[in-house]
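J.:
Numbering (my numbering), first residue to last: 8 to 441.
Here it is, written out as structure tokens:
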């Protein structure tokens, strides 16, 4: 109402001014001297009127802006038992690997069609066969030599027996020392030695004959081979490399301080190592294998302070089919894989994202009044994505995840999620209730 009254008064004043100006203009119009100044007078009057109107307008109201606080993302944390997971990488290798070296020389007479790089063999399967004709002849000769040696031994034993009887008869008639040659003792020793040698020669010939057939020493896969049908090979020459298929291993380098979280079997102790998960990604597909720590290599790199543990994986090639088993690619030797080592459990810890940790030992929290509070905490472990802390917070604490420029204790905050805001309101009503 006051504004309307002021406006009406201003309008009346303007009308009065208009009447005064009109009368003045009429009087001046009669005067010829002032006719030439008439445009300037009109302009001045217009400017004066505009100024009066502008000054008569009421001043606009000032709008007071409310500080709603910085928009932040928060998360609620609660105490939990958290298993320690140590992450590492390593290169896959076979648990067993052997170089195939024939023990006899000869020409390759038979060879398995699987005896090529990448071929699989079960334990005891024939790899190849060396020509055995000469070795069979050696067995026949050794057997004949043994027969002859046994005949000569029997003959000497008979002669020695007769000589012993004759000496016993003569011993009664005349007392004198017996001559060993007369009793065929040296001849008997020689015959027995010849028979033993012939027996050993036969065994050697039979063994060489058996060695013309070369078998797989364990379930394996051919990594490389350098032999073909009809090729002559010499004893002691490496012609192939076999890698075991029952078990594969991954050597995982780890920072030495991470070893305290893991169970590592020691020699002579019946202790299971920490379970492990081997991860491999091929394109968009991810695969997993379960394994276990079986040992450490017992040394620490003096430069990088890195220790190495060995993880064992059974049936890396998937040769033992199981029900409901997902199809997976074989774990080939030389593959680079990620390994998760599942260590001991940490009781009563809080897990927060690593980005929520400030200056390595503090966090930001939001209290019931939506105010920022800076709290020191004790970090027990830093993982790949999370930080595990103990002291400094309680169950239900809202941890600030967003980085705020110029953050200070007591700064007003605004949660990004409605759920967090309602939770803060509930906490506030609970804390302020009488």
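Note that beta-carbon positions come from the ideal geometry of N, C-alpha and C, so glycine has one too.
This one's a predicted model, so the numbers in the text were calculated from it and none came from an experiment.
Below 8 Å on the Cβ atoms is my contact criterion, and I expect residue 249 with residue 105 to pass it. Report the Cβ-Cβ distance as a whole number of Å.
T.: About 5 Å; that satisfies the 8 Å criterion.
J.: If I follow the unbroken beta strand (DSSP E) through residue 319, where does it start and stop?
T.: Taken as a continuous stretch (DSSP letters only), the beta strand (DSSP E) holding residue 319 covers 313-321.
J.: What did DSSP end up calling residue 215 once you bin it into helix, strand or coil?
T.: It is helical.
J.: According to DSSP, simplified to helix, strand and coil, what is residue 260?
T.: Three-state DSSP puts residue 260 in a strand.
J.: Is the beta carbon of residue 319 less than 8 Å from the beta carbon of residue 256?
T.: Taking 8 Å as the Cβ cut-off, residue 319 and residue 256 qualify as a contacting pair.
J.: Determine the burial state of residue 90: buried for a count of at least 16 other Cβ atoms within 10 Å of its Cβ, exposed for fewer.
T.: Exposed, since its Cβ has fewer than 16 Cβ neighbours within 10 Å.
J.: What are the boundary residues of the beta strand (DSSP E) that residue 268 is part of?
T.: Where residue 268 is concerned, there is no enclosing beta strand (DSSP E), given that its DSSP letter is neither H nor E.
J.: If you compare alpha carbons, which of 419, 148 and 361 is closest to residue 210?
T.: Of the listed residues, the one whose Cα sits closest to residue 210 is 148.
J.: Apart from the five residues just before and just after residue 198, which ones in its own chain have a Cβ nearer than 6 Å to its Cβ?
T.: 159, 160 and 163.
J.: Looking at the structure shown, is residue 380 part of a helix, part of a strand, or coil, going by DSSP?
T.: Residue 380: strand per DSSP, three-state reduction.
J.: Between the C-alpha atoms of residue 367 and residue 396, what's the straight-line distance to the nearest angstrom?
T.: Each residue's Cα considered, the two are about 11 Å apart.
J.: Report the rounded CA-to-CA distance for residue 113 versus residue 241, giving the unit in angstroms.
T.: Whole-angstrom Cα-Cα distance: 7 Å.
J.: Which same chain residues, not among the five before or five after residue 131, have their C-beta less than 8 Å away from its C-beta?
T.: Here the set comprises 222 and 223.
J.: Check whether the segment 358-367 touches the segment 312-327, counting contact only when three or more Cβ pairs, one atom from each stretch, lie closer than 8 Å.
T.: Because the criterion of three Cβ pairs below 8 Å is not met, the segment 358-367 and the segment 312-327 do not touch.
J.: Tell me which residues share the same chain as residue 335 and place their Cβ nearer than 7 Å to its Cβ, disregarding the 5 neighbours each side in the sequence.
T.: Answer for residue 335: 294 and 325, listed in chain order.
J.: Using 8 Å as the threshold, is the C-beta distance between residue 370 and residue 364 below it?
T.: Cβ distance < 8 Å, so residue 370 and residue 364 count as in contact.
J.: Going by Cα to Cα distance, which pick from 391, 118 and 268 is closest to residue 247?
T.: When only C-alpha atoms are compared, the closest one is 118.
J.: Tell me, to the nearest whole angstrom, how far the beta carbon of residue 350 is from that of residue 93; I am working on the premise that it is less than 8 Å.
T.: Right, their Cβ atoms sit about 6 Å apart.
J.: Note down the Cα distance separating residue 85 from residue 355, rounded to an integer number of angstroms.
T.: Going by the C-alpha atoms only, they are around 9 Å apart.
J.: Which stretch, first to last residue, makes up the beta strand (DSSP E) that contains residue 116?
T.: Here the beta strand (DSSP E) through residue 116 covers 113-118.
J.: I'd like to check one pair, residue 82 with residue 406: are the Cβ atoms closer than 8 Å?
T.: Yes, the pair counts as a contact, with Cβ atoms nearer than the cut-off.
J.: Below 8 Å on the Cβ atoms is my contact criterion, and I expect residue 346 with residue 303 to pass it. Report the Cβ-Cβ distance as a whole number of Å.
T.: About 14 Å; that fails the 8 Å criterion.
J.: Comparing alpha-carbon positions, which option in 390, 232 and 399 lies nearest residue 122?
T.: Comparing Cα-Cα distances from residue 122 to each of 390, 232 and 399, the minimum goes to 232.
J.: Compute the Euclidean distance between the alpha carbons of residue 289 and residue 297, then round it to the nearest angstrom.
T.: Those two C-alpha atoms are separated by around 18 Å.
J.: Tell whether a beta-carbon distance below 8 Å holds between residue 96 and residue 344.
T.: The answer is yes: Cβ separation under 8 Å.
J.: May I ask you to report which of helix, strand or coil DSSP gives residue 281?
T.: Three-state result, residue 281: coil.
J.: Give me the Cα-Cα distance between residue 382 and residue 374, rounded to the nearest whole angstrom.
T.: Their backbone Cα atoms lie some 11 Å apart in a straight line.
J.: Just verifying my parser: in three-state terms, what is the DSSP assignment at residue 77?
T.: Residue state, collapsed to three classes: strand.
J.: Go ahead and label residue 203 buried or exposed: buried means 16 or more other beta carbons lie within 10 angstroms of its beta carbon, across all protein chains shown.
T.: When all chains shown are included, residue 203 counts as exposed.
J.: Taking residue 99 as the reference, give the member of 385, 412 and 316 with the closest Cα.
T.: The residue with the shortest Cα to Cα distance from residue 99 is 316.
J.: Distance check for residue 154 and residue 144, CA to CA, integer angstroms please.
T.: Distance between the alpha carbons of residue 144 and residue 154 is about 15 Å.
J.: Buried or exposed: residue 237, going by 16 or more other Cβ atoms within 10 Å of its Cβ?
T.: Under this definition residue 237 is an exposed residue.
J.: Check for me: the beta strand (DSSP E) holding residue 298 runs from which residue to which?
T.: Unbroken beta strand (DSSP E) run through residue 298: 292-307.
J.: What residue does the beta strand (DSSP E) around residue 136 start on, and which one ends it?
T.: Per DSSP, residue 136 belongs to the beta strand (DSSP E) from 133-137.
J.: Less than 8 Å between the beta carbons of residue 252 and residue 127, yes or no?
T.: The answer is yes: Cβ separation under 8 Å.
J.: Is the Cβ-Cβ distance between residue 212 and residue 146 less than 8 Å?
T.: Cβ distance < 8 Å, so residue 212 and residue 146 count as in contact.
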